[in-house]
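First up is the structure itself, then whatever we jot down about it.
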Amino acid sequence: MATNQENGSVLIPKKQKEAVKPPSMYQVLLLNDDYTPMEFVVAIIQEYFNKDRETATQIMLKVHRDGKGLCGIYPKDIASTKVELVLTHARKAGHPLQCVMEEA
Ligand code: TYC
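First residue of the sequence shown? That's 763 in the working numbering, and the numbers climb one at a time after it.
Laid out in structure tokens, this is it:
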């Protein structure tokens, strides 16, 4: 630890944490379409965004009415992984569901 030569006081280095910016956060959104079943969308929101059935249903209905809806906000790598998992699941099930991320 550094000491001040003149009076012997201890110099504590600034915590590195204070000099590091917090990570950019990304919104993960679902987009509406005319074909994906409502029940499938509710199940996706529950599975990948950790929402209970009631919250997932509200989000799904918002997407259905407004064209898009927020499922969660995450650091870039987590948001990107969620988008990929949702799209892979939807395509395997034969649904055109779209999931996108946007900087928050
Ligand atoms: N609009 C779809 C239907 O009427 C339901 C739906 C909701 C689809 C949300 C996609 O992200 C979505 N079956």
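Where is the CB? At the ideal position from N, CA and C, for every residue including glycine.
| Query | Result |
| --- | --- |
| Compare the beta carbon distance of Tyr810 and Pro858 with 8 Å and say whether it is the shorter of the two. | no |
| Would you mind sorting Asn766 into buried or exposed? The rule is 16 or more other CB atoms within 10 Å of its CB. | For Asn766, the predicted model reports a pLDDT of 41, less than 50, meaning its position is unreliable and no value from the coordinates is stated. |
| Report all residues from its chain with a CB closer than 7 Å to the CB of Pro837; omit the five preceding and five following residues, and keep chain order. | Pro785, Met787 |
| Tell me, please, which residues DSSP counts as bridged to Tyr788. | Tyr836, Glu865 |
| Please classify Met800 as buried or exposed, where buried requires at least 16 neighbouring CB atoms within 10 angstroms. | exposed |
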